[in-house]
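*Asks:* Taken in sequence, the protein lines are chains A and B. Per our numbering, the very first residue in the first sequence carries number 3; after that it's consecutive. Per our numbering, the very first residue in the second sequence carries number 91; after that it's consecutive.
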Amino acid sequence: MHPTIRLVNRNLTISLNPGFLVWQVIFPIVYIFVAGFAYTALIKSVPFGNVDLDYPAFIASGMIGFNIMNSTLVSGIIIWNDRRHGMFEQILVGPFTRSNYILSNVYTIAIVGLISAALITAIGYPLFFESVEFNLFTIPFMVFASIVGSILFGSIASIISTRLKSSEGFNVIINTVFLFFAFVSTAFYPAQGAPEPLATGFYLNPLTYLVDIIRAGIFGTFNEFVMLEMLVLVGVAAVLFVVAIKLLTKLDL
Amino acid sequence: MLSISARSLFKSYGSLVAVNGIDLDVKSGHVFGFLGPNGAGKSTTMKLLTTLIPPTSGTIEILGINTIKQPLEVRKKIGVVIQQPSYEPNLSVEKSLEKYGMMWNIEKKTRQEKAEELIDIFDLQEIRKRKNEDLSIGQRRRVQVAREFMHKMDLLFLDEPTVGLDPSARRSLLDFLKNKAKTGLTIFYTTHVLTEAEYLCDDIAVINKGKILAVDTPDQLKNTFGQEKTIKIHLLYRHDKITELLSGIADCKIDFNTGTDIIIQSSKSELVLSQVLQILIENNIAIDDLSAMPTTLEEIFLKMVKDTNAPNN
């Protein structure tokens, strides 16, 4: 087995524990089925492209992107725990290179992101199946968004984990950053109708682009703006990925 | 044949020189002890030899392979137990062993058998199902050392492996390593516990301030640097002027004096002892205990380090 794949195997074993999987499922279920239906009295429908979505369908599709972002925390946690518990050094005195280690994190992020997206799509399907447009054209967009989004947010988590030395600092910073991303985005509410500064803030947040592309994939609402969002997402992911690689390569032992 | 060969090894971090021109040869099948005080350069040397960090200058060959040109090839043939505890917190002991074997590309059946064997050898039966995060420091250390034997290796680096182990576990590990060395495994071993080095090692190097002070067998080190015997006297009552009383005796170094415990080192121990006793009797100083013994490796080590740390050195 290739050394990178062996490390992916190891990464998935240590990160995909029952607690993590339950958190990945329970949290979105609460949001989708509790908040989704609770807010229906206030929000009758949400215009999205050429369709009007009921709020549970809107939030269910947003939760896919949210969960992809959340699940990529695993990358930062793996790097952080490896440094803290000596496994980073232990792996690098083993039959591996730094490139193996870094790539294994990338593959782990992508796999976890895809699993997370698939899980929430399956959970949320009853809510948006009436409007769904899954086909051979739309599904690749969702896969694209899952992988690129995973790499983007995984890179952010990796960058944070390489810069911080205390566990308190790591937990505070990463939770604050990801909380900001979650709420200043179109995952839970549409940009239309939001005050202009907030709407501007939404589009400075990569989660908005991720969620919009996923919704376009689910509901078949492609347009030029979605294509632009895909380009922006790829560009930002590439830059953050390069920064993360550079920092991981220079990580002191 | 040499398992490790290093020449003119330097490692500096800016103005700080951590390793200052080391030459090192470790014969195959030997247990090589590497001793030094904190900050001497032991860990940096270990990191250089295990390819974790590149040298500033110098050459290193491990098992005949150049570490700078082919670091991955070197790492495929060595085992390393690092000083820092290394473990996956939420894996059980048996899962840790199994996963580590997978990481080393050991076949599933082989690694299951090996894991069982190591659980027996390292007395991990009672804790095999427990998660690493729930183990004590000593237990984690045993697992960390056991884990390294999941894969085959020609050379094993151990950086203070007995830290946190109780005396019984420590002795078991040392005996295990001794037996492994007899099968041809070369071991590079750093420790602060001099009695361990004396018990286990075929050769010992003493390092301080990035330089190797001496390399030899434990017995030869004692013969070369420990010609003096150590006389220990425990007085019944404290006497503050004891140093003054004994100062006139030739070839008599009082290394430690609390007023009741006196340690004297001398190459003419019988003559010095008789002179010391005469002075104590003349001054009615009561003796509680008295002994004369060959200088230990620890005392040689401390003396070497003290001499190299002296301001005019």
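We treat Cβ as the ideally placed atom computed from N, Cα and C, and that holds for glycine.
1. Please report the residue range of the alpha helix (DSSP H) in which GLU151/B lies.
2. So for VAL186/A, helix, strand or coil by DSSP?
3. Can you find a CB in chain A that lies within less than 8 angstroms of the CB of MET193/B?
4. Specify, as a first and last residue, the run of the alpha helix (DSSP H) that ALA193/A falls within.
5. Would the C-beta of LYS204/B count as close to the ligand SAM, meaning under 7 angstroms from any of its heavy atoms?
6. Answer yes or no: does any C-beta atom of chain A fall closer than 8 angstroms to that of ILE369/B?
7. Anyone know if the C-beta pair for PRO411/B and GLU223/B falls short of 8 angstroms?
8. Taking the alpha-carbon positions, what's the ASP210/B to ASP244/B distance?
9. Should ARG237/B be labelled buried (16 or more other beta-carbon atoms within 10 Å of its own) or exposed?
10. List the endpoints of the continuous alpha helix (DSSP H) containing GLN368/B.
11. Once you ignore the five residues that flank ALA245/A on each side, which residues in its own chain have a CB closer than 8 angstroms to its CB?
12. Counting only Cβ-Cβ distances shorter than 8 angstroms, please list the residues of the segment 158-171 of chain B near chain A, keeping chain order.
13. Would you mind reading off the limits of the alpha helix (DSSP H) that contains TYR33/A?
14. In chain order, what residues of the same chain lie with their CB nearer than 7 angstroms to the CB of LEU106/B, ignoring the 5 residues before and after it?
15. Cβ closer than 8 angstroms: which chain A residues qualify as neighbours of PRO179/B?
16. Under 8 angstroms, CB to CB, which of the residues in the segment 15-45 of chain A have a partner in chain B?
17. Residue range of the beta strand (DSSP E) that ILE302/B falls in?
18. With 8 angstroms as the threshold, decide whether the Cβ of LEU250/A is near any Cβ in chain B.
19. Using a cut-off of 9 angstroms between C-beta atoms, extract the partners of PRO175/B located in chain A.
20. Determine, for VAL95/A, whether the minimum Cβ-Cβ distance to residues of chain E falls below 8 angstroms.
21. When the distance is taken between beta carbons, is GLU288/B closer than 8 angstroms to MET308/B?
22. Would GLY126/A and ILE66/A qualify as a contact pair, given that the criterion is a beta-carbon distance under 8 angstroms?
23. Closer than 9 angstroms by beta-carbon distance: list the chain A residues that pair up with LYS322/B, in chain order.
24. Excluding the 5 residues preceding and the 5 following SER77/A in the sequence, name in chain order all residues of the same chain whose CB lies nearer than 7 angstroms to its CB.
25. Taking GLY237/A as the reference, give the member of LEU212/A, MET89/A, ALA218/A with the closest Cα.
26. Have a look at ASN83/A, ASP54/A, PHE182/A, ASN11/A and flag the residue whose alpha-carbon is nearest the alpha-carbon of ASN72/A.
27. What residue ranges within the segment 92-162 of chain B form continuous alpha helix (DSSP H) runs of no fewer than 4 residues, ordered along the chain?
28. Using a Cβ-Cβ cut-off of 8 angstroms (strictly less than) and excluding sequence neighbours within five positions of LEU284/B, which residues of its own chain qualify?
29. Using 8 angstroms as the limit for Cβ to Cβ distance, is LEU363/B near chain A?
30. Whole-angstrom Cβ separation of VAL109/B and LEU142/B, contact assumed at under 8 angstroms?
31. Does any residue of chain A bring its CB to less than 8 angstroms from the CB of LYS204/B?
32. Can you have a look at ILE93/A and say buried or exposed, based on whether 16 or more other CB atoms are within 10 angstroms of its CB?
33. Quick check: what's the CA-CA separation for PHE247/B versus THR210/A?
34. Quick one: which unbroken alpha helix (DSSP H) runs of 4-plus residues sit fully inside the segment 166-246 of chain B? Chain order, please.
35. Using a cut-off of 7 angstroms between C-beta atoms, extract the partners of LYS189/B located in chain A.
36. Give the C-beta separation of TYR177/B and ARG230/B to the nearest angstrom, bearing in mind that I take them to be a contact with Cβ-Cβ under 8 angstroms.
*Replies:* Reading it off the structure:
1. No alpha helix (DSSP H) contains GLU151/B, which is instead part of the beta strand (DSSP E) from 147-152.
2. coil
3. yes
4. Element bounds for ALA193/A: n/a, residue is neither H nor E.
5. Absence of the ligand SAM is noted for the structure shown, with no ligands found whatsoever.
6. no
7. Summary: the structure shown does not reach residue 411/B, with chain B confined to residues 91 through 403, and so no result is reported for it.
8. 23 angstroms
9. buried
10. 359-372
11. In the sequence on display, residue 245/A carries Val and not Ala. For VAL245/A, where only same-chain residues beyond five positions count, the Cβ hits under 8 angstroms are SER157, ILE161.
12. LEU162, ARG165, LYS166, ILE168, VAL170
13. Careful: TYR33/A lies outside any alpha helix (DSSP H) and carries neither H nor E.
14. none
15. ASN83, HIS87
16. THR15, ILE16, ASN19
17. 301-306
18. no
19. HIS87, GLY88
20. In the structure shown, chain E cannot be found, because the protein chains are A and B.
21. Residue identity check: residue 308/B is Pro in the sequence provided, not Met. Cβ distance < 8 angstroms, so PRO308/B and GLU288/B count as in contact.
22. yes
23. Per Cβ cutoff of 9 angstroms: no residues; LYS322/B is ~41 angstroms from chain A at best.
24. ASN107, THR110, ILE111, GLY156, ALA159, SER160
25. LEU212/A
26. PHE182/A
27. 132-139
28. LEU125, THR386, LEU387, GLU388, PHE391
29. no
30. Not really, about 13 angstroms apart at Cβ, beyond 8 angstroms.
31. no
32. buried
33. 50 angstroms
34. 183-193, 198-211, 227-238
35. ARG12, THR15
36. 6 angstroms
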